[in-house]
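Scroll down for the structure; my scribbles are underneath it.
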Amino acid sequence: MLESYILILLGTVFVNNIVLVKILGLCPFMGVSKKLEASIGMGAATTFVLTIGSGSSYLINQYLLGPDLFYLRTLSFIVVIAGIVQFTEIVVEKTSPVLYQLLGIYLPLITTNCAVLGIPLLNVQGNHNFMQSLLFGFGGSVGFSLVLVLFASMRERMEAADVPGPFKGSAIAMVTAGLMSLAFMGFAGLIR
Amino acid sequence: MSLFKFHGGVHPPEHKLKSTAAPIRSVTMPLRLVLPLRQHVGNVAKLMVAVGDHVLKGQLLAAPDGMISAAVHAPTSGTIAAIEERLIPHASGLPDLCITLNADGEDRWGDHQPLDYQAQEKSAVLDALRLAGVVGLGGATFPSHVKLRADDAHPVLTLIINGAECEPYITCDDLLMRERALEIVRGIEIMQYLLGAKHAIIGIEDNKPEAAAAMRLACSQNSISITVATVPTLYPGGGAKQLIKVLTGLEVPSGKLPTTIGVQCFNVATAYTVHRFIDHGEPVISRVVTVTGRVAQPGNYEVPLGMEIFDLVQAAGGTADDSNGLVMGGPMMGFNLPSGHVPVVKGTNCIIASAPALFAPQPPAMPCIRCARCAEVCPVNLQPQELYWFARADNFEKARSYDLFDCIECGCCSYVCPSRIPLVQYYRYAKSEILASDKARQAANVARERNELRLARIAREKEERAAKHAERAVGARAEAGGDAKQAAIAAAMARAEAQKAEIVPQNVTDLSPLVATEIKAIDARRGKVDDRD
Amino acid sequence: MMTALLVMIGLALLLGIVLGYSALKFKVEGDPLVDKIDAILPQTQCGQCGFPGCKPYATAIAHGEADINQCPPGGEPGMRALADLLGVEPKPLNAECGTPKPKSVAVIVENLCIGCTLCIQACPVDAILGAAKQMHTVIASECTGCELCLPPCPVDCISMVPIPEKVDNWKWRYPVIEIKSLAV
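Below is the structure:
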């Protein structure tokens, strides 16, 4: 039992990393990775939203929708996630105005972040129970935060690097993201 | 006693033997001395003399301004010839306010006597030291009276006397210890008394056995117990924090003073000047300077402050033909002098006549390969390669968060860098930029406060004016119907009428006929003009 | 069909209540961002940005009514700091607001001053000292170099003097390897 939970956690963080392997949630990955502080904030906000979101979407799917109303899944998940994001936004604005300003448009955009909608849907697909859904959401968002923070630290260093003119800015960032993705593929086979 | 080790350090070639062969020599008093008002860390000294004044040797020329400041004295008797901006020995190569003193050749001392320091309050002794211009002569030139003030919050247990002199070429402390050991020990005794330190340790690098022997001998003749410790020769073992670590094993916390761990550190030459002042009443007017490199007679010279460095080099036999400049300080931390025509100041410990053969020109820097050799040798455990990265990109906040301000600019990192990157120059650049922006921020805060106060004042005045108007309006309305006011107005008008009637123009009586006809003519013309209207 | 509608309405209602409550509970008082922006601005109070001072400009930036590139005294570094704080792209300074100049202080030519007090009223930081029909002078250490005292002066006796580089404000330069010219 415990073993399966650990497997889910490790699997979602490293092996099936939501950004670098599943290629979901790329907009915040490229958009909020210019500053380390902002990326940590974004990671924390996404983790909060995703964990609560996957838990509540499990409950909605299981008890509210059931097999009859399966066609309402996407719609209701989006509504719930939007609500949680709004709540997060209000809380962040109160507690950290600078982070609120830094995250800017990307904070409300968590709602339409494909990773955030993707994970609850993957939960349904994988027939996870409540605990597994929560862990899947938590692990996925930790994986997201991990690569976001790693990528942001790299980009901060690249600011000062002698990058050839044509590669400056987003170009070198894309190349770096590709190399990171390759590196994360090395985790494949870690868990059978 | 057991010794400890500090992190990193390098072994540059020492080049010390050249200047230790001869004893300390004196120089003839120059005809003209130039004394900058800024010879120390802190506020610039306040002028106490005017052009044309005759001063005696040891007379106060400029008094300390504020707590962290030091006095400047006349090194000989003479006349103040000028007070003007002149070139000073500073890395900037910029001029600063200096007193020019023309010596009268008599070298006559002013009134001076020893100070019975034990009979007085300690604070009085420290104030006297402040007026004596005693500063750290190791090169930092921090006013010593500040460091000697015993602080109840951080009592000093250990007094460390720095005789390590780790930098290549410099031997002035070595010679001073060899020749004036007794005087230094006497100075240490006074310092220990002032600080209330339990014990004193003199740290001397093991490449100076004669100095260590002389100090041991002097200590054995003294009643108080002073330990003489020979420390391994390793640059920068003479840095205050490094020497403290080697002798006590304690590390001074980042951004804190050594007193927080109960240690205070002074240079041997500073101890010597304390002795000169307390026991002889002589303020700091001269110092020992090593003159070495490509000069004919390298050695140590006792030089009056304010002597031109060019003259000093001439006294040492002049420079060799291939010499291409003068360096003040050592090869690791010193700087190129803008010209030889600058005075010797309290911080001048060494003058090196440089030559391409001695110091090869800096080869072009190559990219950092992140070999981390700089981190291996950094004596303060910093990450020089990261600091370089941030300083190069003007990322100052990051550089500060990597403890840039703990850097002692010893130059070990630049010394070992295989890419020959002038790392220390980047750190100095970043430090001065950060300090300047901090200053600008403070100024901005003051300006904000002043602006807010002004706006508040304007708002208050407006309010007061409005209140006054309102009050007056209310008052006027209240009195408008009253007879008293009407009566007053009528009375005033009547008074004015009466006055008018009384007044007779003085210049219309006793007119000559000529003037009378002229006036008539003018009145007629006026009448015409009035008609036209 | 009816159940689906009911479910969605129920969800929306529940979320609406939660959000409405939290909006009340976590209501943001004041605008802490204004102070953060104001801390970056150079406080010259010069009005070159088109606002009557640094604080109003900071307020305008925080509310999205002004751009970050309207402060010439802050210059390029100030604009970058603002861009950093707000998470927006840096952009070149707006030339309409003026160009950065070396930091200067106002100096009154004292034998031309007629003592009209107009400059005293114009100074945003009360750095000019004087009284009616008495000579005025600038407290150099308090002057922000805003140039606001120049236009009101009826006799043009105020000039801006750049602060010279002295030993105490001298800065180490960025290390540059000198390029030697080879003898041809």
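Chains as they are written, first to last, in the numbering used here: chain B, 13 to 204; chain D, 872 to 1404; chain F, 41 to 224.
C-beta atoms are modelled at their ideal positions from N, C-alpha and C, and glycine is treated no differently.
This one's a predicted model, so the numbers in the text were calculated from it and none came from an experiment.
Keeping to the same chain, check which residues put their C-beta closer than 7 Å to that of residue i; ignore five residues upstream and five downstream.
i	result
residue 68 of chain B	92
residue 1212 of chain D	958, 1179, 1181
residue 1143 of chain D	1047, 1051, 1054, 1055, 1058
residue 1115 of chain D	1031, 1121, 1123, 1129, 1134, 1136
residue 1269 of chain D	1261
residue 144 of chain F	185, 200, 201, 202, 203
Less than 8 Å separating the beta-carbons of residue i and residue j?
i	j	result
residue 213 of chain B	residue 61 of chain B	This structure gives no information on residue 213 of chain B, because the portion of chain B shown stretches from 13 to 204.
residue 1160 of chain D	residue 1207 of chain D	no
residue 1075 of chain D	residue 1082 of chain D	yes
residue 941 of chain D	residue 911 of chain D	yes
residue 58 of chain B	residue 103 of chain B	no
residue 874 of chain D	residue 1084 of chain D	no
residue 207 of chain F	residue 967 of chain D	yes
residue 1007 of chain D	residue 974 of chain D	no
residue 77 of chain F	residue 125 of chain F	yes
residue 1193 of chain D	residue 1231 of chain D	no
residue 1057 of chain D	residue 1150 of chain D	yes
residue 108 of chain F	residue 123 of chain F	yes
residue 1222 of chain D	residue 1162 of chain D	yes
residue 137 of chain F	residue 112 of chain F	yes
residue 82 of chain F	residue 1363 of chain D	no
residue 945 of chain D	residue 917 of chain D	no
Let me know if residue i comes out buried or exposed under the rule of 16 or more other beta-carbons within 10 Å of its beta-carbon.
i	result
residue 1094 of chain D	exposed
residue 65 of chain F	exposed
residue 899 of chain D	exposed
residue 109 of chain B	buried
residue 124 of chain B	exposed
residue 1016 of chain D	buried
residue 1062 of chain D	buried
residue 67 of chain F	exposed
residue 1092 of chain D	exposed
residue 41 of chain F	exposed
residue 1036 of chain D	buried
residue 198 of chain F	buried
Between which residues of its own chain and residue i is the CB-CB distance below 8 Å, once the five residues before and five after are set aside?
i	result
residue 883 of chain D	1039, 1106, 1202, 1203, 1286
residue 1139 of chain D	1032, 1033, 1034, 1044, 1047, 1048, 1055, 1073
residue 148 of chain B	20, 24, 66, 131, 134, 135, 138, 140
residue 1077 of chain D	1083, 1101, 1102, 1103, 1104
Just grab the DSSP bridge partners of residue i for me.
i	result
residue 1221 of chain D	D/1161
residue 969 of chain D	D/907, D/955
residue 1199 of chain D	D/1206, D/1222
residue 1137 of chain D	D/1032
residue 53 of chain F	Answer is none; residue 53 of chain F lacks a bridge partner.
residue 1171 of chain D	D/1161
residue 896 of chain D	D/1172
residue 1070 of chain D	D/1029
residue 144 of chain F	F/202
residue 928 of chain D	D/980
residue 949 of chain D	D/926, D/974
residue 1179 of chain D	D/1214
residue 1075 of chain D	D/1034, D/1101
residue 191 of chain B	Answer is none; residue 191 of chain B lacks a bridge partner.
For residue i, which residues of its own chain have a beta-carbon under 6 Å away from its beta-carbon, when the five flanking residues on both sides are left out?
i	result
residue 1003 of chain D	1148, 1154
residue 886 of chain D	1039, 1040
residue 1086 of chain D	1048, 1052, 1073, 1099
residue 114 of chain B	50
residue 131 of chain F	109
residue 1295 of chain D	1280, 1282, 1285
Does residue i have its Cβ less than 8 Å from a Cβ in chain A?
i	result
residue 1293 of chain D	Among the protein chains in the structure shown, which are B, D and F, there is no chain A.
| said: Check whether the stretch 174-186 of chain F and the stretch 146-160 of chain F are in contact - that is, three or more C-beta pairs closer than 8 Å. | reply: Yes, the stretch 174-186 of chain F is in contact with the stretch 146-160 of chain F.
| Any contact of the stretch 135-151 of chain F with the stretch 130-146 of chain B, i.e. 3+ C-beta pairs under 8 Å? | The stretch 135-151 of chain F vs the stretch 130-146 of chain B: no contact.
| message | Would the stretch 1115-1123 of chain D count as touching the stretch 1176-1190 of chain D if we require 3 or more Cβ pairs under 8 Å? | response | The stretch 1115-1123 of chain D, when compared against the stretch 1176-1190 of chain D, does not touch it at the 8 Å Cβ threshold.
| request: Decide if the stretch 1279-1294 of chain D is in contact with the stretch 1106-1117 of chain D; the criterion is three or more beta carbon pairs, one per stretch, under 8 Å apart. | output: Yes, since at least three Cβ pairs between the stretch 1279-1294 of chain D and the stretch 1106-1117 of chain D fall closer than 8 Å, the two stretches touch.
| Taking contact to mean at least 3 C-beta pairs separated by less than 8 Å, is the stretch 38-53 of chain B in contact with the stretch 154-170 of chain B? | At 8 Å Cβ cutoff, the stretches touch.
| Is there contact here, the stretch 1127-1145 of chain D with the stretch 190-203 of chain B, by at least three beta-carbon pairs under 8 Å? | Not touching, per the Cβ criterion.
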